[in-house]
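Engineer: Starting off with a structure, shown below.
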Amino acid sequence: MKLSWFVVLLITVVYLMKKQIVTTEPRGVLANNPLNIESNVNNNWVGKMTPSVDKRFETFRAPEYGFRAGAILLRDTYQKRYGLETINELIHKFAPSHENESDHYAQFVASQLGVSPHEPINLQSDATLAKMMHAMSVMEVGRFYSLEQAQEGVRMA
351 MKLSWFVVLL ITVVYLMKKQ IVTTEPRGVL ANNPLNIESN VNNNWVGKMT
401 PSVDKRFETF RAPEYGFRAG AILLRDTYQK RYGLETINEL IHKFAPSHEN
451 ESDHYAQFVA SQLGVSPHEP INLQSDATLA KMMHAMSVME VGRFYSLEQA
501 QEGVRMA
């Protein structure tokens, strides 16, 4: 009887420890959403998982699908539709200052691309878009994703 109680206790402790370890990962990592793209019922992204594991942010089947959605959002919506040309403009739209340190975010992304935050960039260039999204993923969730994963997302877009 004492042994079975100990086994139940041990299994419970191990379960809770694993649960704690898993939940310490950033939301975007848990949701395969490297850029923390917010949920929107109007977006039927390829690779989107429903229901989402997060109420606020999209969940994707794999991180590459999250990068794919980011590529479409940045290139087609922000740059083509809204005419945003600089990293500063793009980041302030993507990560507004009421929730983020947008100036710092834009400066970091620009430094990773080797340009000024106020210099126009061409997101029609797959290489530029992938580098930008990779830098953004570092700001959003940390160093969990590779440039190759961002490149694959761009290729899929």
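Following my numbering, the numbering of the sequence shown begins with 351 at its first residue and continues without gaps. Where is the CB? At the ideal position from N, CA and C, for every residue including glycine.
1. Select from V403, G492, M483, M489 the residue whose C-alpha is nearest the C-alpha of Q499.
2. Over the uninterrupted alpha helix (DSSP H) stretch that includes V459, give me the two end residues.
3. To which residues of the same chain is A381 closer than 6 Å at the C-beta, ignoring the five residues directly before and after it?
4. Counting only runs of 4+ residues fully inside the region 378 to 464, write out the alpha helix (DSSP H) ranges in chain order.
5. Counting only the same chain and skipping the five closest in sequence on each side, list residues whose C-beta sits under 6 Å from that of G416.
6. Check whether the Cβ atoms of R425 and L473 sit closer than 7 Å, and answer yes or no.
7. Tell me which same chain residues have a C-beta within less than 6 Å of the C-beta of P481, skipping the five on either side of it?
8. For the putative contact between G503 and E414, defined by C-beta atoms under 8 Å, what is the C-beta separation to the nearest angstrom?
9. Just list the residues that DSSP pairs P376 with in beta bridges.
10. Which residue comes first and which comes last in the alpha helix (DSSP H) that contains L497?
11. Can you have a look at R418 and say buried or exposed, based on whether 16 or more other CB atoms are within 10 angstroms of its CB?
12. May I have the straight-line CA-CA distance separating Q429 from A485, to the nearest angstrom?
13. Tell me which residues share the same chain as W395 and place their Cβ nearer than 6 Å to its Cβ, disregarding the 5 neighbours each side in the sequence.
14. Taking L510 as the reference, which of P401, E469, L497, E490 has the closest Cα?
15. Taking just the CA atoms, how far does E449 sit from N393?
16. Cutting at 6 Å between CB atoms, please list the residues of its own chain near A510, excluding the five before and the five after it.
Structural biologist: Looking at the coordinates:
1. M483
2. Element bounds for V459: 452 to 463.
3. V403, D404, F407, T409
4. 413 to 421, 437 to 444, 452 to 463
5. N382, N383, P384, F410
6. yes
7. Checking the displayed sequence, the identity of residue 481 turns out to be Lys instead of Pro. Excluding positions up to five away in sequence, the list reads L463.
8. With a Cβ gap of about 5 Å, G503 and E414 count as contacting.
9. Answer is none; P376 lacks a bridge partner.
10. 497 to 506
11. buried
12. 18 Å
13. A419
14. This structure does not reach residue 510, given that the chain is present from 351 up to 507, and the question cannot be answered.
15. Cα to Cα, N393 sits roughly 22 Å from E449.
16. Nothing in the structure corresponds to residue 510, since the chain is present only between 351 and 507.
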